[in-house]
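Quick mapping for you: the protein sequence lines, in order, are chains A and B. Quick note on the numbering used here: the first sequence kicks off at 1 and runs consecutively. Quick note on the numbering used here: the second sequence kicks off at 1001 and runs consecutively. For glycine and all other residues, C-beta sits at the position ideal for the given N, C-alpha and C. These notes are about the structure you will find just below.
There are 2 protein chains.
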Amino acid sequence: MVKYDTELDAIFTALAHPARRAMLARLGRGEATVGELARPLAMTLPAVTKHLKMLERARLISRGRDAQWRPCRLEAAPLATASGWIEAQRAIWEARLDRLEHYLHGIEKRGGKKR
Amino acid sequence: MVKYDTELDAIFTALAHPARRAMLARLGRGEATVGELARPLAMTLPAVTKHLKMLERARLISRGRDAQWRPCRLEAAPLATASGWIEAQRAIWEARLDRLEHYLHGIEKRGGKKR
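If you want it as structure tokens, here you go:
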């Protein structure tokens, strides 16, 4: 059975585009308006807004309530969720490699004794 | 300017689907054939093959050369690349929070002296 985790789906989808990663990297250095985010990306405001919506859906950013500016702010918790999933897989994989190495080392030692 | 990193695009796209994450989790515990990967997912072989191709494109898995079985194997390096990017963003964000806290603490201390 596949465990459907729509939270991870949304986070990894959001991280899969260079413009959205650039926006997150910018927001890591402080809040920014949509205009400020658009400038270095050489993108139209509607294109930027579309990317921001995907980041908001993944809860990677939140928007201020000020009607005129609505600055964007990075939310770090989903980043922790994403890297937590990846690190858990790496830990399982590394534990398996360690067991394999231990096993091969055991064979080698027993082989040595026979000689 | 957006720095286009097609490697990260492919990795995060591959991680954005629960079936592909389930396959990676399974492969973390050891090599598996396409049939073995398909079974717990209740998916057709062509559907599984499509997901495997996305994992291969992101270099998250490799396939054995044995023509009949071609077992799938997890490749951990792209997982490290993905979590490396995320952790770098978190580090920048946390350093900024630390500076902010330090700054606010300084204001508080100066305010205390004035009383």
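Would a C-beta distance cut-off of 8 Å place residue i and residue j closer than the cut-off?
i, j, result
"M1043/B", "A1058/B", "no"
"A1080/B", "R90/A", "yes"
"A82/A", "I1086/B", "yes"
"L1008/B", "L1074/B", "no"
"I92/A", "R1099/B", "no"
To which residues of the same chain is residue i closer than 7 Å at the C-beta, ignoring the five residues directly before and after it?
i, result
"V1048/B", "V1034, L1037, A1038 and L1041"
"P1078/B", "I1011, A1058, R1059 and L1060"
"Q1068/B", "none"
With 8 Å as the threshold, decide whether the Cβ of residue i is near any Cβ in chain A.
i, result
"R1021/B", "yes"
"S1083/B", "yes"
"D1009/B", "yes"
"R1063/B", "no"
"R1070/B", "no"
"T1013/B", "yes"
"R1110/B", "no"
"R1099/B", "no"
"R1090/B", "yes"
Please tell me whether residue i has its Cβ less than 8 Å away from any Cβ of chain B.
i, result
"H17/A", "yes"
"L171/A", "In the structure as shown, chain A starts at 1 and stops at 115, and residue 171/A therefore has no counterpart that could be examined."
"I86/A", "yes"
"A47/A", "no"
"A80/A", "yes"
"L74/A", "yes"
"D5/A", "yes"
"I107/A", "no"
"R29/A", "yes"
"H96/A", "The amino acid occupying residue 96/A in the given sequence is Arg; His does not appear at that position. Chain B, which has a Cβ nearer than 8 Å to the Cβ of R96/A, makes this yes."
So residue i is in the alpha helix (DSSP H); what residue range does that whole segment cover?
i, result
"R1039/B", "Taken as a continuous stretch (DSSP letters only), R1039/B belongs to no alpha helix (DSSP H), as it is neither H nor E."
"L1074/B", "From DSSP, L1074/B is part of no alpha helix (DSSP H) but of the beta strand (DSSP E) over C1072 to L1074."
"E1007/B", "T1006 to L1015"
What residue does the beta strand (DSSP E) around residue i start on, and which one ends it?
i, result
"R21/A", "Segment P18 to L27 is the alpha helix (DSSP H) holding R21/A; no beta strand (DSSP E) there."
"R63/A", "I61 to R63"
I'd like the list of long-range same chain contacts for residue i, defined as Cβ closer than 6 Å, with 5 residues on each side in sequence excluded.
i, result
"P1071/B", "E1031, T1033 and G1064"
"H51/A", "A19 and R20"
"D1005/B", "none"
Using C-beta distances below 8 Å, list every residue in its chain close to residue i, excluding the 5 sequence neighbours before and after it, in chain order.
i, result
"A95/A", "none"
"A22/A", "P40 and L41"
"E56/A", "S62 and R63"
Using a Cβ-based criterion (distance less than 7 Å to any ligand heavy atom), does residue i qualify as near the ligand PLP?
i, result
"P78/A", "As far as ligands go, the structure on display features none, and thus does not contain the ligand PLP."
Should the stretch 94-112 of chain A be called in touch with the stretch 1004-1016 of chain B, which here means at least 3 C-beta pairs below 8 Å?
no
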